[in-house]
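Each residue of the sequence shown is one higher than the last, beginning at 18 in our numbering. Have a look at the structure below before the remarks.
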Amino acid sequence: MGTKQRIFSPLPPDLSLEELVPNDSFYRRLEARLDLSFVRELVSPLYARGGRPSVDPVVFFKLQLVMFFEGIRSERQLMRVVADRLSLRWYLGYDLFEPLPDHSSLTRIRERFGVAVFRRFFERTVEECAEAGLVWGKELFFDATKVGANAAVDSLVPRWAVEAHLEDLFDGEGSDAGEPEGTTHLAETLPSADDEKLTAANATESDWVSRGGKQDRSVRSGSYQRISDTRASKTDPDATPMRYGGEKLRLGYHVHYVVDGGRSRVVLNALVTSSEVMEQQPMLHDLLWRTAFRLGLWPRRVTGDAAYGTRANIAAVERAGIRAYVNLKERGNPDKRFFPPSLFAYNEERDLFRCPAGRELTPWNSGDSREGTRYKAKTKVCAACLLKPRCTPNKRGRTVFRHFDEGYVDRVRAYRETEPYQKALRKRKVWVEPLFAEAKDWHGMRRFRLRTLEKVNMEALLIASGQNVKRLLDFGGRGPKRPAQAAALRRPAAAIHEISRTQEHRWSRSWRPTRAFFNKLEYLRRYGYPPNQRIGVHAPMRTSLPLCGCGRSRPETAGGVCGRLTGS
Ligand code: SF4
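Below, the structure written as structure tokens:
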């Protein structure tokens with residue numbers, strides 16, 4: 018058995034850190050691939066001229082990335098690891114004996130930068146991915162996951178007590194700036210607030226990003242009151258009670274991701290909101306439009322689960338010419354004794370419903386016509402109907418309500434039978450959900466280490482940035498690594514039923530007689546007589562030739578036909 022002698026010779030004076038760090042070190046690759054010098058320009062308005070030299074903002078963001086890659090959950094631990102690792106010192110640009118920044122400086126710098134700088138940093142990683150050709154942009158996936166807060170349920174107390182306590186603590190702080198909540202000092206990088214029209218228009222929109230993901234507690238839905246409206250945590254006032262996967266009540270947040278449908282699976286947007294903010298709420302303005310406008314994308318389709326399938330979301334997306342591949346939550350039948358509305362077939366051309374007895378329900382505007390139209394059968398028709406006991410107890414007959422945007426929902430219902438829709442939903446499961454699993458299992462997103470919405474937004478944006486940097490370093494345009502992802506991209510075996518090939522299939526088989534029929538019509542239109550009466554030389558258009566034996570007068574268009582061909 019050997020015994021290792023502990024002998025440490027002094028380092029030769031000509032040995033530098035550059036030689037000590039292996040050439041294949043991960044941090045060498047990271048340094049070569051990702052230039053962070055842009056952050057100096059980004060944060061320069063936040064620094065005063067003169068004074069003591071500060072920690073370089075590039076070093077700060079490099080340390081944040083080291084935290085992400087090493088799975089470290091505290092700044093104190095981070096600086097201990099950096100002090101021990103040559104490759105990390107090399108990456109940060111600190112020589113062997115150069116003193117490293119103190120861990121407490123990192124906390125202060127993070128607070129100075131605020132969430133706006135972290136968001137801009139994240140967006141820059143997305144831009145880098147786009148420049149590297151990793152963003153496809155034609156298909157966007159939406160998903161959200163619940164993440165635990167760094168606070169226990171036992172810390173819940175009445176909300177008024179927490180708010181009074183916080184008001185006492187921060188009395189007067191920040192009021193001199195006169196800034197609206199959620200803004201930062203980066204006036205140059207944000208739209209001007211002088212534009213009154215823009216301000217008025219924005220005030221009418223619910224914008225979760227500028228509110229930092231905060232719930233508007235002044236808005237109530239009837240008499241319903243959320244637990245989080247009355248109770249708040251003393252430890253993290255923004256964390257709200259949530260329950261998932263059969264677990265007991267805990268405090269947490271909702272993390273929303275928009276992921277590109279390209280092979281690299283780049284995270285295009287990330288937002289943390291209170292846990293009671295449902296998936297569909299920030300979908301349009303904060304996630305879809307923001308992502309599309311910032312990156313100049315015009316997606317062909319967006320995919321999400323049933324939580325995103327609200328009528329408002331579907332209508333807005335479809336109106337923009339984007340296909341909404343979302344699961345639909347069909348409304349159940351509230352009263353099982355009577356026919357559900359789904360048994361009433363809507364005829365779009367004639368704008369009426371046909372009931373199970375085959376009778377017509379025509380538009381019958383009533384008080385709620387601002388939302389849609391109510392359709393009704395004639396009272397005497399319903400009164401004489403044998404199915405009435407199963408249809409309605411109303412003496413005046415059955416009515417059916419149709420929302421003005423229901424046509425868009427019908428369109429999404431029609432997508433459900435198509436292969437592209439099925440494929441998009443299959444792909445969603447192996448495209449977005451593994452990204453959350455990666456963030457939770459490898460990068461500490463199972464439970465946030467920071468507290469309050471602003472800080473957890475910074476933490477989530479940094480994790481999403483790190484995930485993008487990983488793609489930038491590793492993916493490089495290669496195919497997906499996991500078999501399930503590769504399978505989701507493949508065409509199914511029964512490709513003959515795919516919608517894109519259906520037309521070709523039907524054209525070549527079952528529609529052949531129809532094609533001959535239309536060819537014949539075209540011949541008639543051009544020459545004025547059917548092909549079997551051809552006389553060798555093209556005669557001029559014979560406008561007086563009786564084309565049909567159906568007894569109708571000659572069609573109005575020159576050379577036109579009524580379509581029956583009985584006289585040919
Ligand atoms: S009661 Fe009226 S609406 Fe209902 S099935 Fe009979 S005719 Fe149709």
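Where is the CB? At the ideal position from N, CA and C, for every residue including glycine. The model shown is predicted, which means the values in this text are computed figures rather than measured ones.
Is residue i near the ligand SF4, judged by its Cβ being under 7 angstroms from some heavy atom?
{"i": "residue 308", "result": "no"}
{"i": "residue 415", "result": "yes"}
{"i": "residue 373", "result": "yes"}
{"i": "residue 378", "result": "yes"}
{"i": "residue 404", "result": "yes"}
{"i": "residue 394", "result": "yes"}
{"i": "residue 409", "result": "yes"}
{"i": "residue 179", "result": "no"}
{"i": "residue 399", "result": "yes"}
Please classify residue i as buried or exposed, where buried requires at least 16 other C-beta atoms within 10 Å of its C-beta.
{"i": "residue 37", "result": "exposed"}
{"i": "residue 421", "result": "exposed"}
{"i": "residue 100", "result": "exposed"}
{"i": "residue 289", "result": "buried"}
{"i": "residue 215", "result": "exposed"}
{"i": "residue 61", "result": "exposed"}
{"i": "residue 326", "result": "buried"}
{"i": "residue 138", "result": "buried"}
{"i": "residue 98", "result": "exposed"}
{"i": "residue 33", "result": "exposed"}
{"i": "residue 18", "result": "exposed"}
{"i": "residue 142", "result": "buried"}
{"i": "residue 554", "result": "Its pLDDT being 37, under 50, residue 554 is placed unreliably in this model, and the value from its coordinates should be taken loosely. Result: exposed."}
{"i": "residue 225", "result": "buried"}
{"i": "residue 64", "result": "exposed"}
{"i": "residue 336", "result": "exposed"}
{"i": "residue 24", "result": "exposed"}
{"i": "residue 530", "result": "Bear in mind that a pLDDT of 47 at residue 530, under 50, signals an unreliable position, so the model cannot answer this."}
{"i": "residue 168", "result": "buried"}
Determine whether the beta carbon atoms of residue i and residue j lie at a separation below 8 angstroms.
{"i": "residue 480", "j": "residue 158", "result": "no"}
{"i": "residue 474", "j": "residue 132", "result": "yes"}
{"i": "residue 407", "j": "residue 372", "result": "no"}
{"i": "residue 212", "j": "residue 449", "result": "no"}
{"i": "residue 268", "j": "residue 174", "result": "no"}
{"i": "residue 149", "j": "residue 490", "result": "no"}
{"i": "residue 276", "j": "residue 282", "result": "yes"}
{"i": "residue 156", "j": "residue 308", "result": "no"}
{"i": "residue 106", "j": "residue 113", "result": "yes"}
{"i": "residue 162", "j": "residue 465", "result": "no"}
{"i": "residue 44", "j": "residue 164", "result": "no"}
{"i": "residue 88", "j": "residue 470", "result": "no"}
{"i": "residue 92", "j": "residue 120", "result": "yes"}
{"i": "residue 184", "j": "residue 232", "result": "no"}
{"i": "residue 312", "j": "residue 477", "result": "no"}
{"i": "residue 291", "j": "residue 245", "result": "yes"}
Name the DSSP beta bridge partners of residue i, please?
{"i": "residue 377", "result": "371"}
{"i": "residue 291", "result": "270"}
{"i": "residue 156", "result": "318"}
{"i": "residue 420", "result": "389"}
{"i": "residue 162", "result": "272"}
{"i": "residue 362", "result": "371"}
{"i": "residue 398", "result": "Bridge partners of residue 398: none, in fact."}
In chain order, which continuous runs of the alpha helix (DSSP H) of length 4 or greater are located wholly inside the segment 27–102? 34–37, 43–50, 55–60, 74–87 and 92–101
Could you name each continuous beta strand (DSSP E) segment of 3 residues or more that falls completely within the segment 108–151, going from the start of the chain to the end? none
Every unbroken alpha helix (DSSP H) within the segment 427–472, with a cutoff of 4 residues, ordered by chain: 436–448 and 450–459
Minimum length 3: unbroken beta strand (DSSP E) runs contained in the segment 305–348: 318–321 and 340–343
Let me know the alpha helix (DSSP H) ranges lying completely inside the segment 222–287, each 4 residues or longer, listed in chain order. 244–247
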